[in-house]
Amino acid sequence: MAEKVAVDPQAFKKAVDEKTNARLKMWLEICAHCGLCADTCHFYLANDRDPKLIPAVKGKKVLEAFKKKDKIDEAFLEELYWTVYGDCTMCRRCTMFCPFGIDIATITSTGRGLCVSQGKVPENLVKTIESYYEHGNQMEVSEEDWIDTLQWMEEELQEELPGATIPIDKKGANLLYTVNAREPKFYPMDISQAAMVFYLAGEDWTMSSKGWDDTNLAMFAGDLKAAGYVSQLVRDAAEELEVKRVAITE
């Protein structure tokens, strides 16, 4: 849960202005209120068909934010926060049934970005973003622990396949393999199993000592600046190692 924050109307207005574009304006204004999206939403179905949880209604909350701009208050910010973080997973099922193709997920993400401008973000996502900046991954795995885990998994793998390796920072490989940061933290055997597949397939591959986490929870938080930073870590690793392709498991 996010802490209560003081509203900064000018920062909110600036965020609205920066995020306004023709496509978003069209999506926010074209809804015909036909209701086809209602039964596609698991929040709506799981909560006794509460009309406030119809995707079109949730989208209207973001539209309201765009209309208010610098006229927001703490009560409205709280409503927006729970709508975009608590009542939508951005699964896009509603968009599949919308006759206009309105992308509620993008609208929700935009609403989250407005909350970011106010520092109104779920606490766990804030901690995750801090970990990306400090450690380069979401699970606070240090580079030393990461390398140790890869070497440990290589030893385990070689007990079954003596010639198999888990290459690290190999330049010019065909494939850079990236993983969800939960794997080295909780499921390291997943890495050795992938290495087994690459070995048996004869793949020319490598893992990187940096930029190896392919998750991007900053994107789900709506913090696009942080999301860009996280994506750039993987790109930088790929360019530095001069690989041909990047395999993203997330």
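Each residue of the sequence shown is one higher than the last, beginning at 84 in the numbering used here. Every residue gets a Cβ at the ideal spot worked out from N, C-alpha and C, and that includes glycine.
For residue i, list the residues DSSP reports as bridge partners.
i    : result
W288 : L258
C328 : Reading the sequence as shown, one finds Arg at residue 328 and not Cys. Looking at the DSSP assignment, R328 forms a beta bridge with L258.
D228 : The partner list for D228 (beta bridge, DSSP) is empty, contrary to what the question assumes.
I251 : M290
D133 : None, per the DSSP bridge assignment.
D296 : V262
With a CB to CB cut of under 7 Å and the five nearest residues on each side skipped, what residues in its chain are close to residue i?
i    : result
D170 : F126, L136, K141
A247 : L240, Q241, A278, M279, Y282
H218 : V224, S225
E266 : D273, I274
G98  : The sequence given here places Ala at residue 98; Gly does not occur at that position. Answer for A98: G196, L197, S200, listed in chain order.
P134 : V140
K268 : M222, V224
S314 : N299
Buried or exposed for residue i, going by 16 or more other Cβ atoms inside 10 Å?
i    : result
D297 : buried
S291 : buried
Q276 : exposed
Q234 : exposed
K203 : buried
A89  : exposed
W165 : exposed
N207 : exposed
T103 : exposed
F149 : buried
A304 : buried
A129 : exposed
K144 : buried
D306 : buried
Y216 : exposed
G285 : exposed
L163 : buried
A310 : buried
A264 : buried
Pop quiz: residue i and residue j are said to be a contact at Cβ under 8 Å. What is the actual Cβ separation, rounded to whole angstroms?
i    : j    : result
S200 : A94  : 5 Å
T232 : P271 : 5 Å
V209 : T261 : That pair is no contact at about 24 Å.
K151 : F159 : 7 Å
W295 : I185 : 36 Å between Cβ atoms; not a contact.
P205 : I155 : In fact, because the Cβ distance is near 19 Å, the residues do not count as touching under 8 Å.
Once you ignore the five residues that flank residue i on each side, which residues in its own chain have a CB closer than 8 Å to its CB?
i    : result
E237 : A247, T248, I249, S275, A278
I230 : I251, S292
G211 : Just to set this straight, residue 211 is Thr in the shown sequence, not Gly. The residues are Q221, L300, A301, A304.
A115 : P182, F183
What does a CB cutoff of less than 6 Å around residue i pick up in its chain, not counting 5 residues either side in sequence?
i    : result
F183 : I113
P138 : C120, C124, C177, I187
D287 : A256, N257
K254 : L324, E325
V167 : T191, G194, R195
V329 : L259, A321
M173 : A188, T191
Could you check whether the Cβ of residue i sits closer than 6 Å to any heavy atom belonging to the ligand GDP?
i    : result
M279 : You won't find the ligand GDP in this model; it holds no ligand whatsoever.
Taking contact to mean at least 3 C-beta pairs separated by less than 8 Å, is the segment 214 to 224 in contact with the segment 171 to 178?
-> No contact exists between the segment 214 to 224 and the segment 171 to 178.
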